[in-house]
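Reviewing the structure listed below.
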Amino acid sequence: MADSDVGAASDAYGRGGGGRRSGRAVTVAAAGMLALATLAVGCGPQDPGADALRQPSAPATTAPPAPSPSPTDDGKGATAGATTEPATTTPPASPSATPPTAEPVTAPPPTARPSTAPPSPQILMRTGSEGAQVRELQARLRQIGHFGRTPTGYYGTVTAEAVRSFQAKRGTEATGATDAVTWRKLLAMTRTPTADELDPPTERPVAKPDERCLTGRVLCISKKSRTLAWMVDGRVVSAMDVRFGSEYTPTREGEFPVFWKSRDHVSTLYDTPMPYALFFSGGQAVHYSADFAANGYGGASHGCVNVRDKAKVAALFDQVKNGDKVVIYW
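Pasting the structure below:
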């Protein structure tokens, strides 16, 4: 309490004579001072002891809160013997909960229907095929103007182009491969080839033989006519088309002996097959050439004498012996 407050209180209540105050005056003064003290404290926490002196109160009887149900509560209350109806509560819906849906109905799988598309025709011959049937194919195509050379028995790019031309003209898919449909159409339009059509002496006229070819066993090879005639004592036994080396790798001219025969030879210099090779001068030989059979005179050899008819050169290989002559001339 401030000093001014104390002084004011003394003045209000006066002083008793001889320093003594009356009992009423003392009580009133104490009450006033308590009121002033209460105003000075303001809204601070109250003293529990002062509350008890000012207004004693009876203890409050408050019923304990009912226990909240537990997830494992069996519905019985806390008081023994008391039975209560278990509360049925519905859990709140979760924002992400998906409402129950009906059981999905699974449709039976569709029954597979057999394909109505016709199967692809069987391929009988294609590029790389060789043999008697290829020779017949070439002969039949030649009959109707689609193949412009003698049959070789090898299915190369020239044969594939001839087949493609035939297919396009007959309204079928021009694949260049001979399938069963193409073959049936070709058979219906052509006749069975003769022996000369299947195996003609040569596509080119055989040149007049050099004088050195008229005696003995000779491979008589003309660069001018590009033919090889296998001759025995002046008689032509067989003839075939040949091609020679380029200007950079020319085929040698002159008279040579056959000094080595190699049926399945492969060039060690160029790593290319040289079947039925009849070597006559160093690495130069008469042999079958698949490239010649496929591409004709569009290419050249590395100096060898290439034959494009495999059947003919195979037969020649079996007849020629080491020591037989090779004559190459213009």
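Heads up, the working numbering is the position in the sequence shown plus 1146, with the first residue counted as 1.
All C-beta atoms, glycine included, are put in the ideal place defined by N, C-alpha and C.
Cross-strand partners of residue i (DSSP beta bridge)
i       : result
Glu1357 : Looking at the DSSP assignment, Glu1357 forms no beta bridge with any residue, so it has no partner.
Thr1373 : Ser1368 and Asp1387
His1433 : Asn1452
Ala1423 : Ser1408
Met1335 : Answer by DSSP bridge pairing: none, since Met1335 is not bridged.
Arg1363 : Val1378
Ser1447 : Gly1391
Coil, strand or helix - residue i by DSSP
i       : result
Val1466 : coil
Thr1324 : strand
Arg1316 : coil
Glu1276 : strand
Leu1415 : coil
Arg1286 : helix
Val1309 : helix
Arg1381 : strand
Tyr1300 : strand
Ala1461 : helix
Arg1281 : helix
Arg1330 : helix
Spatial distance of residue i from residue j (CA atoms)
i       : j       : result
Gly1302 : Arg1363 : 33 Å
Arg1288 : Leu1374 : 23 Å
Met1137 : Arg1381 : An answer regarding residue 1137 cannot be provided, because it is not within the stretch 1147 to 1476 covered by the chain.
Arg1316 : Cys1450 : 40 Å
Arg1281 : Tyr1434 : 16 Å
Lys1331 : Arg1337 : 12 Å
Glu1307 : Gly1274 : 13 Å
Ser1447 : Ala1436 : 11 Å
Ser1408 : Gly1442 : 24 Å
Thr1418 : Tyr1300 : 17 Å
Gly1444 : Ala1326 : 31 Å
Asp1379 : Val1472 : 14 Å
Phe1390 : Pro1265 : 46 Å
Gly1428 : Lys1370 : 23 Å
Leu1360 : Ser1368 : 14 Å
Asn1468 : Ile1290 : 43 Å
Ala1323 : Gln1268 : 10 Å
Asn1145 : Tyr1416 : Because the chain is modelled from 1147 through 1476, residue 1145 falls outside the range shown and cannot be assessed.
Thr1318 : His1292 : 15 Å
First through last residue of the beta strand (DSSP E) which encompasses residue i
i       : result
Phe1402 : Gly1400 to Pro1403
Tyr1475 : Lys1471 to Tyr1475
Distance between beta carbons of residue j and residue i, contact taken as under 8 Å
i       : j       : result
Leu1365 : Val1432 : 6 Å
Gln1284 : Thr1298 : 7 Å
Arg1398 : Val1388 : The Cβ separation is near 14 Å, so there is no contact.
Val1466 : Val1383 : That pair is no contact at about 10 Å.
Leu1270 : Trp1329 : 6 Å
Tyr1475 : Asp1356 : 5 Å
Span of the alpha helix (DSSP H) around residue i
i       : result
Ala1341 : Ala1341 to Leu1344
is_contact[residue i, chain E] using C-beta, thresh 8 Å
i       : result
Arg1358 : No chain E is part of this structure, which consists of one protein chain only.
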